[in-house]
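These notes concern the structure reproduced below.
Residue numbers (UniProt numbering): 1 to 307.
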């Protein structure tokens with residue numbers, strides 16, 4: 001009798017541990033998930049189907065073994081990679097997945113992993129893509145690519161602290177990395193850090209090889225710091241592609257409004273009309289203040305505290 005009681009307690013303990021590792025909520029998610037991908041006409045068809053079946057049946061240890069073996073025997077099968085990632089994502093086992101990718105150490109030239117990343121982007125599985133990029137950032141050769149992709153993702157989603165962290169990791173390795181400098185400049189605009197924006201703009205003036213549209217940052221920083229004559233110089237020296245951007249035109253216009261009582265818009269009009277051709281819908285009479293009451297109010301607002 002004592003032996004039987006000990007056995008019951010032992011198995012109860014094991015079940016308790018398994019329950020703690022994989023909460024019931026995860027069982028529901030696995031059973032109902034519709035994003036596992038089926039495969040036909042491939043050597044990976046059978047093991048992929050088995051992995052999906054075991055995952056949905058919550059036979060997790062067996063599923064883990066099958067997914068790993070299926071990857072090993074079919075390393076170029078994109079759907080299997082996507083399904084294994086989905087498996088660990090649904091279980092919140094991010095670190096375990098990252099360790100597996102790090103151990104497998106895919107080459108930076110891997111068409112398979114490049115395709116997996118693209119598929120995740122197309123399928124809007126952004127959180128999973130972030131997990132995979134984080135895993136790849138630990139693999140030699142992938143670091144800068146992964147940092148930049150993660151930085152851009154967090155910049156687009158408004159998480160400036162994370163974006164800044166990844167851009168800084170790039171700049172520690174490549175101090176004049178063009179895209180990272182542009183990213184950091186954008187963050188300074190969002191955070192209204194005008195002196196820092198000037199620093200990044202100066203670095204871009206030296207580093208920019210492909211994209212020469214850094215004049216906006218000089219214009220914006222100098223305008224916000226009250227250096228209107230300097231801002232105007234940067235506005236006038238910008239390339240036409242930059243001058244046709246509404247955000248640029250708005251500050252260029254506001255700079256002239258601060259400097260002159262009745263500025264002429266001759267230099268701005270061609271670029272404004274180019275913006276209209278590209279879909280900008282604000283009427284010319286509204287964008288450029290005139291002698292109307294509305295125009296006077298705009299001039300007054302622009303000049304207030306800046307003259």
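Just so it is clear, CB atoms sit at the ideal spot from N, CA and C, and this is done for glycine as well. Predicted, not measured: the structure shown is a model, and the values here were computed from it.
Ranked by Cα distance from residue 239, the options 213, 145 and 153 are led by 213.
Secondary structure note for residue 37: it is in no alpha helix (DSSP H), with a DSSP letter that is neither H nor E. In the displayed model, residue 243 falls within a helix according to three-state DSSP. With a cut-off of 8 angstroms on Cβ pairs, the region 194 to 202 is not in contact with the region 168 to 180, counting fewer than three such pairs. In this structure, DSSP gives residue 123 a state outside helix and strand, which the three-state scheme calls coil.
Rounded to whole angstroms, residue 57 and residue 101 show a C-alpha spacing of 25 angstroms. Relative to residue 265, the option among 253, 276 and 259 whose CA is nearest is 253. The beta carbon of residue 179 lies closer than 7 angstroms to those of 148 in the same chain, with the five residues before and after it left out. In this structure, the alpha-carbon of residue 280 lies about 42 angstroms from that of residue 85.
Between the alpha carbons of residue 36 and residue 186 lies a distance of about 37 angstroms.
For the set 209, 96, 78 and 89, the Cα lying nearest the Cα of residue 115 is the one of 78. Under the three-state reduction of DSSP, residue 139 is assigned to coil, being neither helix nor strand. The C-beta of residue 241 has fewer than 16 other C-beta atoms within 10 Å across all chains shown, which makes the residue exposed. The DSSP assignment places complete alpha helix (DSSP H) segments of no fewer than 4 residues inside the region 59 to 101 at 60 to 73 and 78 to 90, in order along the chain. When DSSP states are grouped into helix, strand and coil, residue 42 belongs to the coil group. Boundaries of the alpha helix (DSSP H) harbouring residue 179: 178 to 191, taken from the DSSP string. The C-beta of residue 277 has fewer than 16 other C-beta atoms within 10 Å across all chains shown, which makes the residue exposed.
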